[in-house]
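Enquirer: Numbering (our numbering), first residue to last: 162 to 356.
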Ligand code: B4P
């Protein structure tokens with residue numbers, strides 16, 4: 162099973178690259194951002210609570226996102242593998258994911274981290290905001306808060322996987338297709354080593 166964590170700050174290209182990776186490797190895409198936005202669109206109580214935090218650029222509580230991932234893993238037990246996009250975002254989320262995967266006799270294969278400098282992230286988020294309609298992409302204060310939440314709360318997740326020897330950093334600036342091919346080369350190198 163190929164289980165990838167696609168990691169990086171908001172606007173690094175996780176969603177963009179995930180779309181391409183799921184097609185190449187036939188993986189199930191689990192994006193906690195997308196799952197939360199569907200809850201908001203459906204007007205559920207969980208969605209209403211999440212929206213208040215997301216609109217401010219803050220993280221949703223760990224137990225909420227862990228519960229959503231647990232549910233999706235259960236629904237997709239026949240999958241060839243998963244791509245975790247925007248999850249885990251805290252160390253407790255990483256620990257919970259490892260425990261959940263043990264229940265299915267599998268584990269994270271590798272984490273691919275997209276590295277992009279902060280000012281480029283702000284530019285991308287605000288540009289996306291011109292068309293996305295996402296409240297968290299609309300203003301610079303919120304975009305900067307999301308990046309600083311990442312630097313404070315999410316960066317330790319990279320150390321967590323680095324300690325397991327599963328961390329790969331890839332430059333996330335440049336042509337989308339070139340970044341994609343670099344990610345694929347790295348994934349295939351890991352898969353060959355494990356085979
Ligand atoms: P997400 O939906 O994960 O939002 P994101 O970080 O903005 O997405 P992403 O990084 O995938 O955007 P992409 O680069 O593809 O999270 C939203 C919110 O949900 C969080 O702030 C939080 O509140 C909540 N949440 C989600 N998961 C959570 C969790 N696990 N725990 C707690 N809370 C959670 O796209 C950015 C833009 O860059 C696009 O317009 C794209 O076209 C562009 N782009 C991509 N690659 C490019 C390139 N190489 N060059 C130029 N532009 C590029």
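Don't be surprised by glycine CBs; every beta carbon is placed ideally from N, CA and C. Just so we're clear, the structure is a prediction, and the values are computed from it rather than from any experiment.
(1) Please go through the same chain and pick out, in chain order, the residues whose beta-carbon is closer than 7 Å to the beta-carbon of residue 327, but skip the five residues on each side of it.
(2) Report the residue ranges of all alpha helix (DSSP H) runs contained in full by the segment 233-308; include only those spanning at least 4 residues, in chain order.
(3) Residue 243: beta carbon under 6 Å from a heavy atom of the ligand B4P?
(4) Do residue 275 and residue 194 have their beta-carbon atoms positioned less than 7 Å apart in this structure?
(5) Please classify residue 253 as buried or exposed, where buried requires at least 16 other C-beta atoms within 10 Å of its C-beta.
(6) What does DSSP give as the partner residue(s) for residue 329 in the beta ladder?
(7) At which residues does the beta strand (DSSP E) containing residue 312 begin and terminate?
(8) Can you pull the DSSP bridge partners for residue 164?
(9) Would a C-beta distance cut-off of 7 Å place residue 225 and residue 214 closer than the cut-off?
Expert: Quick look at the numbers:
(1) Taking the first residue of the chain shown as 1, we reach residue 327 at position 166. Excluding sequence neighbours, residue 327 sits near 269, 271 and 272.
(2) 252-264 and 279-293
(3) Within the chain shown, the letter at position 82 stands for residue 243. Checking the Cβ of residue 243 against the ligand B4P gives no.
(4) The residue labelled residue 194 in the question sits at position 33 within the chain shown. The residue labelled residue 275 in the question sits at position 114 within the chain shown. Result no, Cβ atoms of residue 194 and residue 275 do not sit closer than 7 Å.
(5) By one-based count along the chain shown, residue 253 stands at place 92. Its Cβ having fewer than 16 others within 10 Å, residue 253 is exposed.
(6) Looking up residue 329 in the chain shown gives position 168. For residue 329, which the question treats as bridged, DSSP gives the partners 273.
(7) Taking the first residue of the chain shown as position 1, residue 312 is located at position 151. Taken as a continuous stretch (DSSP letters only), residue 312 belongs to no beta strand (DSSP E), as it is neither H nor E.
(8) Your numbering for residue 164 matches position 3 in the chain shown. Answer is 243, bridged to residue 164.
(9) Reading the chain shown from its first residue, position 64 is the one you call residue 225. Reading the chain shown from its first residue, position 53 is the one you call residue 214. No.
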